[in-house]
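Peer 1: This is the structure, below, for whatever I ask next.
In mature numbering (1 follows the signal peptide of the UniProt record, and there is no 0), the protein residues as written are -20 to -1, 1 to 132.
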């Protein structure tokens, strides 16, 4: 009887190990910005988007011209290769910088992690954040996750 029990346990372990997908790994997707690509000036303050949503995915120049104002020339943006993820947030203190990470997760899809590096200034600015990401059908299912970090 013990022999059958151990064989059953081994068979169950074998089946469970066959069904797990160990080949899937999270991957970082290359991103860029309008400052880097098109020499736009400090878009945190020079771009504005009229949105009540958390962020917008802009896929063409018509959407850009309809929703975004600012000093960047939208005709420069290569919408055949890029989508623009853009949003704005109200911060509780001054902002030194924004760090971005765009990750494709095996279980969670595409996530843009936006970290605002805060300082001690007693202002509460509204900041526009954005990244240009490689154009893909999967961009329609992006989640943006916002974090605040105090500069040390």
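Every residue, glycine too, gets a C-beta built ideally from N, C-alpha and C.
1) Which of the three DSSP states is assigned to residue 71 in this structure?
2) State the Cα-Cα distance for the pair residue 131 and residue 5, rounded to the nearest angstrom.
3) Name the residue from 104, 94, 56 and 86 whose alpha carbon lies nearest to the alpha carbon of residue 16.
4) Under the rule that 16 or more other beta-carbon atoms within 10 Å means buried, what is residue 36, buried or exposed?
5) Tell me the residue span of the beta strand (DSSP E) that contains residue 23.
6) Go through its chain and collect everything with a Cβ distance to residue 78's Cβ below 8 Å, but skip five positions before and after it.
7) Restricting to Cα atoms, I'd like to know which of 126, 129, 121 and 116 is closest to residue 10.
8) Smallest Cα separation from residue 39: which of 83, 13, 58 and 84?
9) Under a three-way DSSP split, which group does residue 84 fall into?
10) Quick one: what's got a C-beta closer than 7 Å to residue 45's C-beta in the same chain, skipping five residues either side?
11) For residue 126, which residues of its own chain have a beta-carbon under 7 Å away from its beta-carbon, when the five flanking residues on both sides are left out?
Peer 2: Once the coordinates are examined:
1) In the chain shown, counting from the first residue as 1, residue 71 sits at position 91. Reduced to three states, the DSSP call for residue 71 is coil.
2) If you number the chain shown from 1, residue 131 lands on position 151. If you number the chain shown from 1, residue 5 lands on position 25. Distance between the alpha carbons of residue 131 and residue 5 is about 31 Å.
3) What you label residue 16 is simply residue 36 of the chain shown in a count that begins at 1. Minimum Cα distance to residue 16 is reached at 56.
4) Working through the chain shown from its first residue, we reach residue 36 at position 56. Buried, because 16 or more other Cβ atoms sit within 10 Å of the Cβ of residue 36.
5) Locating residue 23 in the chain shown gives position 43, counting from the first residue. Element bounds for residue 23: not the beta strand (DSSP E) but the alpha helix (DSSP H), 23 to 26.
6) Here residue 78 corresponds to residue number 98 of the chain shown, with the count starting at 1. Answer for residue 78: 24, 94, 95, 96, 97, 107 and 109, listed in chain order.
7) Numbered from 1 along the chain shown, position 30 holds the residue referred to as residue 10. Among 126, 129, 121 and 116, the Cα nearest to that of residue 10 is on 116.
8) Against the chain shown, residue 39 aligns to sequence position 59. Measuring from the Cα of residue 39, the nearest candidate turns out to be 58.
9) Position 104 of the chain shown, counted from the first residue, corresponds to residue 84. Of the three classes helix, strand and coil, the one that applies to residue 84 here is strand, per DSSP.
10) Position 65 of the chain shown holds residue 45. The residues are 54.
11) Position 146 of the chain shown, counting from 1, holds the residue named residue 126. Closer than 7 Å at the Cβ level, and outside the excluded window around residue 126, lie 69 and 94.
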